[in-house]
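Notes to accompany the following structure.
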């Protein structure tokens, strides 16, 4: 059972996507690095924002996914998972439609993870707590997903590598993301829907956001 490590880039982009379209359900794809991953440790290093205008699997998702696969291949990465933030901040599990999206990604990577962004943790008083609820596929139950814990450095035990959990690459992830939200950098982020409205929108890389994350 692998341990999943979420990078600052992946966490911040997913949270910023959720914050920008906080009145909508948003979807995105996670990218992992096969060079730094194994059967027991998977590193999720980036997130690609996809949608905020539609909530069901559609031809548009397939088009976006194909482009993301090409983008990942060029950078020697792979599809590593799926993330979703629901319009209702009370929704903290994978909805039936969310499971359909996640199952689509699972066909590309059997070790894929699904992250639900907990909108209730994006308020100023909760930004020091990870705003993700991770899910992994149940190995013996088709199309079924189970939540796994998020471990912080304070919670981690010496023998934790024997368990399946998600961890942030370091605790600076939360501080940097909080700083970006405080100055409203989510307004600079583009997703595939933005690209459809404006073809020059940098939805795959979001280079401006990536650079700001690195210096936050």
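Numbering (my numbering), first residue to last: -17 to 198.
The C-beta atom is built at its ideal place from N, Cα and C for all residues, glycine as well.
Residue 2, buried or exposed, once every other Cβ within 10 Å from all chains shown has been counted against 16: buried
Residue 98 vs residue 83 beta-carbon contact at 8 Å: no
Unbroken beta strand (DSSP E) run spanning residue 9, endpoints: 8 to 14
First through last residue of the alpha helix (DSSP H) which encompasses residue 162: 154 to 164
Status (buried if at least 16 other CB within 10 Å, exposed otherwise) for residue 60: buried
In chain order, each beta strand (DSSP E) run of at least 3 residues that lies wholly inside the region 66 to 115: 95 to 99
Proximity of residue -6 and residue 111 at Cβ, strictly below 8 Å: no
Contacting residues, own chain, Cβ-Cβ under 6 Å from residue 46 (five flanking each side not counted): 32, 174
Any 3 or more C-beta pairs closer than 8 Å across the region -15 to -1 and the region 36 to 56: no
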